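Input: a single structure, listed below in structure tokens.
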Amino acid sequence: MNPNTPNRFERHPVATWAGLVVAALVALEIGLRLFTPRMVRFAHDYRKTYRYHDEWYADLDPGTWTLLHLRNRRGHTIFNFLVTVGPHGFRTYDRRLDNNFRDVTGNNGKKVIHATGDSFCMGWGGSYVSSYPAQLDFMLPREYRVINLGMNGYGAVGALGKSRALSDRFPPAAVVYLASSNDYMDDRNAERYRRLPWAVHRLFDAFNVMRRHVYFASIPYALRWWLFYRGSLAATDDDFVEKKVQRRDNPADFTVVENAQPSDPSQGTVSKQTILDYSRYLSQRGIPFIVIGHGTDPGANLDLCAFCREQGIETYLLDVPGELRLAADGHFSHFGNYRLALFVRSVLEKRGVVPVSPATHVPDSSADTRDTLKNLSNS
Numbered sequence: 016m017n018p019n020t021p022n023r024f025e026r027h028p029v030a031t032w033a034g035l036v037v038a039a040l041v042a043l044e045i046g047l048r049l050f051t052p053r054m055v056r057f058a059h060d061y062r063k064t065y066r067y068h069d070e071w072y073a074d075l076d077p078g079t080w081t082l083l084h085l086r087n088r089r090g091h092t093i094f095n096f097l098v099t100v101g102p103h104g105f106r107t108y109d110r111r112l113d114n115n116f117r118d119v120t121g122n123n124g125k126k127v128i129h130a131t132g133d134s135f136c137m138g139w140g141g142s143y144v145s146s147y148p149a150q151l152d153f154m155l156p157r158e159y160r161v162i163n164l165g166m167n168g169y170g171a172v173g174a175l176g177k178s179r180a181l182s183d184r185f186p187p188a189a190v191v192y193l194a195s196s197n198d199y200m201d202d203r204n205a206e207r208y209r210r211l212p213w214a215v216h217r218l219f220d221a222f223n224v225m226r227r228h229v230y231f232a233s234i235p236y237a238l239r240w241w242l243f244y245r246g247s248l249a250a251t252d253d254d255f256v257e258k259k260v261q262r263r264d265n266p267a268d269f270t271v272v273e274n275a276q277p278s279d280p281s282q283g284t285v286s287k288q289t290i291l292d293y294s295r296y297l298s299q300r301g302i303p304f305i306v307i308g309h310g311t312d313p314g315a316n317l318d319l320c321a322f323c324r325e326q327g328i329e330t331y332l333l334d335v336p337g338e339l340r341l342a343a344d345g346h347f348s349h350f351g352n353y354r355l356a357l358f359v360r361s362v363l364e365k366r367g368v369v370p371v372s373p374a375t376h377v378p379d380s381s382a383d384t385r386d387t388l389k390n391l392s393n394s
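Here it is in structure tokens:
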């Protein structure tokens with residue numbers, strides 16, 4: 016062989032390097048599937064129900080589901096919940112046979128409440144029936160349905176855009192927007208992605224498909240999830256001595272906070288304009304619009320609620336005690352969602368959207384129980 020003859024790298028450098036990269040990625044994918052780190056699996060499973068959206072950046076993918084399970088090194092379960100997305104693209108009951116929304120389509124006698132927001136509305140960390148929209152749906156008479164339009168990553172742009180997109184199919188009797196402290200940031204991201212060229216949007220679509228089917232694409236997001244939940248992963252039983260905080264007789268409850276500070280015109284311009292536009296849209300149709308902020312830490316909540324109050328939008332800012340949150344997480348617990356559902360129901364009753372519920376009677380004997388059940392079955 017002539018020593019001056021160029022080798023493969025010299026003859027086809029681009030093709031050779033491309034082949035090596037592909038081989039390395041294939042080897043990495045095989046390794047990840049054989050020895051899947053828990054955060055990589057969590058990030059991969061998380062993406063199974065999500066899709067890219069040109070205007071909102073992210074959205075739930077209709078007809079999908081995923082089981083999100085996460086344990087720490089001690090083997091303690093941090094998360095273990097199912098997310099089921101119905102055919103119309105919002106989280107819904109996991110058993111379609113029990114509860115579906117076919118009878119709502121066309122507004123044939125059903126009164127629909129749009130509950131929208133981010134992960135706090137979606138019910139992150141728990142089953143669907145633990146979310147506040149599902150508990151509110153359970154509390155209301157059968158002619159009312161509450162649809163849960165929340166998704167983690169939504170700000171006002173995504174949350175209200177979702178409500179608007181479904182308002183023809185599910186005409187709302189009222190819209191309740193649960194605002195969070197990171198909404199301004201989420202809306203800035205949505206606005207930045209919305210301005211991208213059409214071709215770039217399609218590249219993000221392709222990347223989203225890749226994230227669903229290959230593990231190595233989830234590595235950067237696994238790192239982000241680990242940074243976000245590193246405190247939860249380090250938590251032990253000693254950090255939470257009281258095991259039964261989720262009980263009905265716990266006096267912990269949301270407190271309405273009077274916020275007298277004015278809004279800052281330089282903050283959250285995208286969020287505020289989105290809220291104002293949708294408020295006008297609903298007002299023209301006589302549909303009540305209610306904004307609820309939660310938490311009094313510095314962030315979008317205080318400023319956004321102040322803005323809504325100045326614009327004449329019905330607004331409530333709630334202080335949230337720790338007993339209403341998931342341990343080592345911060346989202347609402349089943350008990351917290353129950354309290355929130357009670358609060359929203361009282362607001363809807365005050366607005367005349369839903370009938371005032373009778374006082375709850377707790378039977379004190381088995382005979383009383385039988386009589387009560389008999390009366391309920393005949394009503």
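The opening position of the sequence shown corresponds to residue 16 in our numbering, with each subsequent residue numbered one higher.
Cβ atoms here follow ideal geometry from the backbone N, Cα and C, with glycine treated the same way.
Quick caveat: nothing in here was measured; it's all calculated off a predicted structure.
- Of the other Cβ atoms in all chains shown, 16 or more fall within 10 Å of the Cβ of tryptophan 139; this residue is therefore buried.
- For aspartate 220, the uninterrupted alpha helix (DSSP H) segment begins and ends at 213 to 228.
- Annotation for asparagine 274: Leu317, Cys320, Ala321 and Leu332 place their beta carbon closer than 7 Å to its own, counting only its chain and skipping 5 residues before and after.
- Excluding the 5 residues flanking it on each side, histidine 216 has same chain C-beta neighbours closer than 6 Å at Asp69, in chain order.
- When DSSP states are grouped into helix, strand and coil, threonine 330 belongs to the strand group.
- By the CB criterion at 7 Å, valine 172 and histidine 129 fall outside the cutoff.
- Judged by DSSP in its simplified three-state form, tyrosine 108 adopts coil rather than helix or strand.
- The residue among Tyr244, Ala33 and Ser348 with its C-alpha nearest the C-alpha of glutamine 261 is Ser348.
- Shown here for glutamate 329: same chain residues with a beta carbon closer than 6 Å to its own, the five before and five after excluded, namely Ile305 in chain order.
- The DSSP-derived three-state label of arginine 66 is strand.
- In this structure, the beta-carbon distance from leucine 181 to valine 369 does not fall below 7 Å.
- The alpha helix (DSSP H) runs of length 4 or more contained entirely in the segment 305 to 362 are, from start to end of the chain, 315 to 325.
- Exposed is the label assigned to isoleucine 45, since fewer than 16 other Cβ atoms lie within 10 Å of its Cβ.
- By the criterion of a C-beta distance shorter than 7 Å, valine 229 is surrounded in its chain by Glu44, once the five residues flanking it on both sides are discounted.
- DSSP, reduced to helix, strand and coil, places tyrosine 159 within a strand of the structure shown.
- Fully contained in the segment 29 to 98 are the following beta strand (DSSP E) runs of length 3 or more, in chain order: 65 to 68, 72 to 75 and 80 to 86.
- Segment contact: the segment 159 to 177 against the segment 286 to 300, three or more CB-CB distances shorter than 8 Å; contact assigned.
- Residue state for proline 370 is assigned as coil, using DSSP reduced to three classes.
- With respect to glycine 351, leucine 339 sits close: the two C-beta atoms are nearer than 7 Å.
- Listed in chain order, the non-local C-beta contacts of methionine 54 below 7 Å within the same chain comprise Ala237, Trp240 and Trp241, local neighbours out to five positions each way being set aside.
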